[in-house]
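Sequence positions in the sequence shown follow this note's numbering and run 14 to 324. C-beta: ideal position from N, C-alpha, C; glycine also. None of the values given here were measured: they were computed from a predicted structure. Here is the structure we will look at, set down as structure tokens.
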Amino acid sequence: MPDNANNSTASAHAQCSANAQHIGNADHAANTQHTGHSQIATPDEMHPEQSSTLNSEQAREEKLKVFIIGLPRTGTTSVSVALLEQGLKVAHMAFTKQAFMLADAISDVPCFSDYRQLDGLFPQAKFVYLERDMVKWVPSMQMLLGKMLPHLEAKSGRFHPIMKRSFRHTFAIDKVADPADKAHLIDCYQRHKNEVFAYFQGREDFISLDISHAGSLSRLLQFLGLTTDCPTLGQVTDRALSDSQIKSAPNQLLQEGKGQPQSVNTSEHGLDFPKLNAGTHVAAWHEYKHPNKVNSNSAGPQSRKFFDYTL
Numbered sequence: 014m015p016d017n018a019n020n021s022t023a024s025a026h027a028q029c030s031a032n033a034q035h036i037g038n039a040d041h042a043a044n045t046q047h048t049g050h051s052q053i054a055t056p057d058e059m060h061p062e063q064s065s066t067l068n069s070e071q072a073r074e075e076k077l078k079v080f081i082i083g084l085p086r087t088g089t090t091s092v093s094v095a096l097l098e099q100g101l102k103v104a105h106m107a108f109t110k111q112a113f114m115l116a117d118a119i120s121d122v123p124c125f126s127d128y129r130q131l132d133g134l135f136p137q138a139k140f141v142y143l144e145r146d147m148v149k150w151v152p153s154m155q156m157l158l159g160k161m162l163p164h165l166e167a168k169s170g171r172f173h174p175i176m177k178r179s180f181r182h183t184f185a186i187d188k189v190a191d192p193a194d195k196a197h198l199i200d201c202y203q204r205h206k207n208e209v210f211a212y213f214q215g216r217e218d219f220i221s222l223d224i225s226h227a228g229s230l231s232r233l234l235q236f237l238g239l240t241t242d243c244p245t246l247g248q249v250t251d252r253a254l255s256d257s258q259i260k261s262a263p264n265q266l267l268q269e270g271k272g273q274p275q276s277v278n279t280s281e282h283g284l285d286f287p288k289l290n291a292g293t294h295v296a297a298w299h300e301y302k303h304p305n306k307v308n309s310n311s312a313g314p315q316s317r318k319f320f321d322y323t324l
């Protein structure tokens, strides 16, 4: 993954920076107890001599953690960018323990497959499931797998082992003849959704959203205790692509052929999410420049070590 790049002015985000600090302090002070947690051994319990959890100093400073656990092509990039604009530090995919420690919000791999384990490691975290109309999700997922499958191969694939594991676990790509088969993908989607809803039943730290619904961004910000008055929310997609990128982008990147990326709606229905990675586009996160982006491969005191748990 590329290093984070800063292509935004600091002043545009200064008014939002208090959001993450405020909610983090509130969550830490509340120290609420969940119900419905699975019994998962923490890395401290499994390997006390080589703990993968936060050390005591970091644990005392624990702040907001948001895990976006919707499947790929359900709007994870749009949600991630919207949270960046709220002043949160965001990792779109996280392959190291340090990335999890640095980020306030993490989406995509490995969150959609590892939510139970992450719930055990971060008991004050909030979880956001993303839904999408199956008629739209299946062809979008088939397109994505068409690009990814050669690189998900266990031995020769170039993708990170954590990504390979997540896709094997959720989409059984190593157990079926055609992982992109429509019926197979529908089954994977429904099974994942049923398991998520069963696991989080009755939990107040869980929300389900369809980002295409009016006011969905407002619902998320309310759930997280964040304000909706950041000045850059309406210009999210305008800054996502540079002028040169917009001119060279394929038609599917543009809003229904109108020639401009789709902006956030700030109507009386509430805030809507920016529509990124539309059509066959899959690189909007890489193209979006923001100082709060967290590198998926961030190194820490234990280099690029991941957590010790297994699925």
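Excluding residues up to 5 positions away in sequence, Leu84, Phe125 and Thr183 lie with their Cβ nearer than 8 Å to the Cβ of His205 in the same chain. Shown here, Ser221 sits in a strand according to DSSP, grouped into three states.
For Ile82, there is no enclosing beta strand (DSSP E), since its DSSP letter is neither H nor E. Secondary structure at Ile119: strand, using DSSP grouped into helix, strand and coil. Pro304 and Thr109 have their alpha carbons spaced roughly 19 Å apart.
Taking a contact to require three or more Cβ pairs closer than 8 Å, the stretch 149-166 and the stretch 110-122 do not qualify as touching.
Tyr142 is bridged by DSSP to Ser221. The shortest C-alpha to C-alpha distance from Trp150 to any of Val94, Phe80, Gly88 and Asp132 is the one to Gly88.
Under the criterion of beta carbons closer than 8 Å, Tyr142 and Val209 qualify as touching, at roughly 5 Å. Taking 8 Å as the cut-off, the beta carbon of Lys306 is found closer than this to the beta carbon of Leu97.
Counting along the chain, Val148 sits inside no beta strand (DSSP E); it lies in the alpha helix (DSSP H) bounded by residues Met147 to Leu165. Under DSSP, His105 shares a beta bridge with Ser120. Our two residues, Ala227 and Lys302, have alpha carbons roughly 26 Å apart in a direct line.
In the DSSP assignment, Tyr202 falls within the alpha helix (DSSP H) that extends over Lys195 to Tyr212. By the Cβ criterion, the stretch 183-192 is not in contact with the stretch 129-148, since fewer than three pairs of Cβ atoms, one from each stretch, lie closer than 8 Å.
With contacts defined as CB atoms closer than 8 Å, Pro192 and Leu162 qualify as a contacting pair. One alpha carbon belongs to Asn207, the other to Tyr322, and they sit about 23 Å apart.
Around the beta-carbon of Val148, fewer than 16 other beta-carbon atoms lie within 10 Å, marking it exposed. DSSP places Gly228 outside both helix and strand once states are collapsed to three, so it counts as coil. In chain order, Lys78 place their CB closer than 6 Å to the CB of Phe135, counting only its own chain and leaving out the 5 sequence neighbours on each side. No Cβ-Cβ contact shorter than 8 Å links Trp298 with His173.
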